[in-house]
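Q:
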Amino acid sequence: MSQPIRDITELTDSVEMLEKNPPKFIKLFIYLVLTIIISALIWSYFSKIDISAKGSATIQSSTATIAVKPKVSGEINDIKIKQGEKVRRGDPLIGINNKQLEQEKKHLEENRDKLDAGIKSLKILKDVIDKNQSKLPIDVEESIRNELDSYLKQKTLLNNENKNKIVDFTHRLQGLNHVKDEGINNLEFEIESIKNQNNILKIEKEGLLKQNKIIKNENIAQETEANVNKVNQLDSQIQGNQKSILIKQEQIKNRVQEIELEKKVINENIRAQESSIQDSIESLKASKVSDIAKEIDEKQQQLSLLQQDINNINLNYEQTVITAPKDGVIEMPNRIKVGDTIEQDKEVLSISPDENTNRVLLYISAEEINKIKIGDKIKYTFEVGTTETYHGNVVQIYHDPVTSKNRDTTFFVVEGTIENTGNKKLRSGSTGKAAIVVDQKNVLSLMLEKLDILN
Numbered sequence: 002m003s004q005p006i007r008d009i010t011e012l013t014d015s016v017e018m019l020e021k022n023p024p025k026f027i028k029l030f031i032y033l034v035l036t037i038i039i040s041a042l043i044w045s046y047f048s049k050i051d052i053s054a055k056g057s058a059t060i061q062s063s064t065a066t067i068a069v070k071p072k073v074s075g076e077i078n079d080i081k082i083k084q085g086e087k088v089r090r091g092d093p094l095i096g097i098n099n100k101q102l103e104q105e106k107k108h109l110e111e112n113r114d115k116l117d118a119g120i121k122s123l124k125i126l127k128d129v130i131d132k133n134q135s136k137l138p139i140d141v142e143e144s145i146r147n148e149l150d151s152y153l154k155q156k157t158l159l160n161n162e163n164k165n166k167i168v169d170f171t172h173r174l175q176g177l178n179h180v181k182d183e184g185i186n187n188l189e190f191e192i193e194s195i196k197n198q199n200n201i202l203k204i205e206k207e208g209l210l211k212q213n214k215i216i217k218n219e220n221i222a223q224e225t226e227a228n229v230n231k232v233n234q235l236d237s238q239i240q241g242n243q244k245s246i247l248i249k250q251e252q253i254k255n256r257v258q259e260i261e262l263e264k265k266v267i268n269e270n271i272r273a274q275e276s277s278i279q280d281s282i283e284s285l286k287a288s289k290v291s292d293i294a295k296e297i298d299e300k301q302q303q304l305s306l307l308q309q310d311i312n313n314i315n316l317n318y319e320q321t322v323i324t325a326p327k328d329g330v331i332e333m334p335n336r337i338k339v340g341d342t343i344e345q346d347k348e349v350l351s352i353s354p355d356e357n358t359n360r361v362l363l364y365i366s367a368e369e370i371n372k373i374k375i376g377d378k379i380k381y382t383f384e385v386g387t388t389e390t391y392h393g394n395v396v397q398i399y400h401d402p403v404t405s406k407n408r409d410t411t412f413f414v415v416e417g418t419i420e421n422t423g424n425k426k427l428r429s430g431s432t433g434k435a436a437i438v439v440d441q442k443n444v445l446s447l448m449l450e451k452l453d454i455l456n
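Following my numbering, the residues of the sequence shown are numbered contiguously, the last one being 456.
(1) Enumerate, from N- to C-terminal direction, the unbroken alpha helix (DSSP H) stretches of 4 or more residues contained entirely within the stretch 362 to 444.
(2) When you compare only the Cα positions, how much space is there between S366 and G430?
(3) What number of angstroms, rounded off, separates the C-alpha of I97 from the C-alpha of G75?
(4) With DSSP as the reference, label V339 as helix, strand or coil.
(5) Which class does E332 belong to by DSSP, given the choice of helix, strand or coil?
(6) Going along the chain, which residues of its own chain have a beta-carbon closer than 7 Å to the beta-carbon of A54, five neighbours each way excluded?
(7) Around the Cβ of I6, are there at least 16 other Cβ atoms within 10 angstroms (buried) or fewer (exposed)?
(8) Examine the Cβ distances between the stretch 332 to 347 and the stretch 139 to 154 and report whether three or more of them are shorter than 8 Å.
(9) Bridge partners for I352 per DSSP, in chain order?
(10) Measure the beta-carbon distance from L159 to L285 and round it to whole angstroms, keeping in mind my assumption that it falls under 8 Å.
(11) If you reduce the DSSP assignment to three classes, tell me which class Q345 lands in.
(12) Determine contact between the stretch 105 to 119 and the stretch 296 to 306, defined as no fewer than three beta-carbon pairs at a distance below 8 Å.
(13) Can you say whether L427 is buried or exposed, counting buried as having 16 or more other CB atoms within 10 angstroms of its CB?
(14) Express the C-alpha separation of K300 and S122 in angstroms, rounding to a whole number.
(15) I need the straight-line Cα distance from T237 to F190, nearest angstrom please.
(16) Could you pull the start and end residues of the alpha helix (DSSP H) that D114 belongs to?
(17) Starting from D79, trace the beta strand (DSSP E) in both directions and tell me its first and last residue.
(18) Is DSSP giving S135 helix, strand or coil here?
(19) Which residue's Cα is closest to the Cα of A118: D328, F26, E205, E143?
(20) Give the secondary structure of R272 by DSSP, where H, G and I count as helix, E and B as strand, and everything else as coil.
(21) What is the DSSP secondary structure of Q302, counted as helix, strand or coil?
(22) Where does the unbroken beta strand (DSSP E) through T321 begin, and where does it stop?
(23) Should F30 be labelled buried (16 or more other beta-carbon atoms within 10 Å of its own) or exposed?
(24) Tell me, please, whether the stretch 327 to 343 touches the stretch 377 to 396 by the rule of three or more beta-carbon pairs shorter than 8 Å.
(25) CA-CA distance, L188 and K196?
(26) By how many angstroms is the C-alpha of T410 removed from the C-alpha of V403?
(27) Checking the sheet assignment: what are the DSSP bridge partners for Q61?
(28) Given a threshold of 16 other Cβ atoms within 10 Å of its Cβ, counted over all protein chains shown, does M2 qualify as buried or as exposed?
(29) For K72, name the three-state secondary structure that DSSP assigns.
(30) Spatial neighbours of N199 within its chain, please: C-beta separation below 6 Å, excluding the five flanking residues on both sides.
(31) Looking at the structure shown, is M2 part of a helix, part of a strand, or coil, going by DSSP?
(32) Could you pull out every residue in the same chain whose Cβ sits closer than 7 Å to the Cβ of K166, ignoring the five residues on either side in sequence?
(33) Could you tell me which residues DSSP pairs with A294 in its beta bridges?
(34) Which residues does DSSP pair with K87 in a beta bridge?
(35) Which one or two residues does DSSP pair with I97 in a beta bridge?
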């Protein structure tokens, strides 16, 4: 039995062992283990694992072969494709030369341009007339110039007619002034003659009165009575002449009033005619502008109909270029070349579906279907002698269940795309397996779930 140690100083070997450094390889081993553990934790945290819904998959062609038929007959003038070439929808395939269609289009376009030029010229004419101008641009059609000249002649003729009427009224007015001078002068002359006659009668009367006075003094009764009778006759003549003067003065007054009234009417007619000149010209202008506007409207309607015909021709003309109705591969069973004549609605080639555009039907169990949504990524493997993985996306989910032949399992159909670009091309009817990625989780979370630590 060994002797027990009673003093720490007796532990010389143990102290040496404690104070001695451990070997380097142990440190390195510990660091390596720690590094591996930390790296594993980091990797498990950032690394993602796909959570997938699995099912079976069957390749189906997206579309059937489509026959390509021309919409118009004609001679082939261009071939842009060849047998087996891939095309996209809308790509030009064959050009057709249809001379009748080209001639009809050319004729319609010429008529359209002519009609459009006519409308522009009419608008210029309308603007010139509306602004009371008399000149047109140099490049205006001759027919438009003739129409403007005709309008200006009508305007001048109308103006002259109104001016001639004013001249007639003026002549009548001058005639009335002349009539006033002649008529009144004659009446005044007659009045003056009567006054002179009255003066003579008055002188004669005075002579008789003096003579009566002398006769009275001589007491010659018979002579006095005769002179008195003569005086009475003279008074009667003087009074008659005085009445004639009054009558003629009244005639002068009435005549002056008649002439003034007639002159007033004529002056009013002159003013009305002067106003009528402008009104007539404005009426002529308004009528002409209205007629031109109606003609423009009619021609614009004709232009609209003509443009519709041109648009229809253009649609037909566009059909002289045969385009691909869908994506696919060109199939040309009959050899065609430039110069060949093809008939309307007769097949000249066909387009087969491009195998790269196939779609896949996936059969997913009822337990998995609710996890799937449109756009989810899909991974495929097919039994075609290769382990290559193909990729695609979910494009449609059918919610009507499908029962298996044994009626013991219910499936739901999911439609997906596939990028058929692998080394081995997939054909319609190929079957395989599909995994739809419905979620992603990091490795660390999965490990903790498996260990039931998170729960």
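Ideal Cβ positions, reconstructed from N, Cα and C, are used throughout, including at glycine. The structure displayed is predicted, hence computed values, not measured ones.
A: Let's see:
(1) Within the stretch 362 to 444, the complete alpha helix (DSSP H) runs of at least 4 residues are 367 to 370.
(2) So the alpha carbons of these two residues sit roughly 21 Å apart.
(3) If you draw a straight line from the Cα of I97 to the Cα of G75, it comes to about 6 Å.
(4) Here V339 sits in coil by DSSP.
(5) DSSP, reduced to helix, strand and coil, places E332 within a strand of the structure shown.
(6) Same-chain partners within the cutoff: I365, E369, K372, I373, I437, V439.
(7) Per-residue confidence for I6 stands at a pLDDT of 49, beneath the threshold of 50, marking its modelled position as unreliable; the derived number appears in the next sentence. By the neighbour-count criterion, in which 16 or more other beta carbons inside 10 Å mark a residue as buried, I6 falls on the exposed side.
(8) Look at the beta carbons and you see the stretch 332 to 347 not touching the stretch 139 to 154: under three pairs across the two are nearer than 8 Å.
(9) Under DSSP, I352 forms a beta bridge with I67, I331.
(10) Contact holds; Cβ gap of about 6 Å.
(11) Taken through DSSP and simplified to helix, strand or coil, Q345 comes out as coil.
(12) Taking a contact to require three or more Cβ pairs closer than 8 Å, the stretch 105 to 119 and the stretch 296 to 306 qualify as touching.
(13) So L427 ends up on the buried side.
(14) In a straight line, the C-alpha of S122 is about 12 Å away from that of K300.
(15) With the sequence shown as reference, residue 237 is identified as Ser, and Thr is not the correct amino acid for it. Rounded to whole angstroms, S237 to F190 spans 22 Å at the Cα level.
(16) Residues 100 to 131.
(17) For D79, the enclosing beta strand (DSSP E) covers residues 75 to 80.
(18) Here S135 sits in coil by DSSP.
(19) The residue with the shortest Cα to Cα distance from A118 is E143.
(20) Here R272 sits in helix by DSSP.
(21) If DSSP states are grouped into helix, strand and coil, Q302 belongs with the helices.
(22) Per DSSP, T321 belongs to no beta strand (DSSP E) and is neither H nor E.
(23) Exposed.
(24) In the pairwise beta carbon analysis, the stretch 327 to 343 is classified as not touching the stretch 377 to 396: fewer than three pairs are separated by under 8 Å.
(25) Here the C-alpha atom of L188 lies approximately 12 Å from the C-alpha atom of K196.
(26) Looking at the two C-alpha atoms, the distance is approximately 9 Å.
(27) Q61 pairs with R360.
(28) Only weak support exists for where M2 lies, its pLDDT of 46 falling under 50; the coordinates are left without a value.
(29) If DSSP states are grouped into helix, strand and coil, K72 belongs with coil.
(30) Same-chain partners within the cutoff: I239, N242.
(31) No answer about M2 holds up, because its pLDDT of 46 lies below 50 and its placement is not dependable.
(32) The answer, listed in chain order, is Q274.
(33) DSSP, once it has assigned bridges, lists no residue as partnering A294.
(34) DSSP output for K87 lists V330 as bridge partner(s).
(35) DSSP links I97 through a beta bridge to I77.
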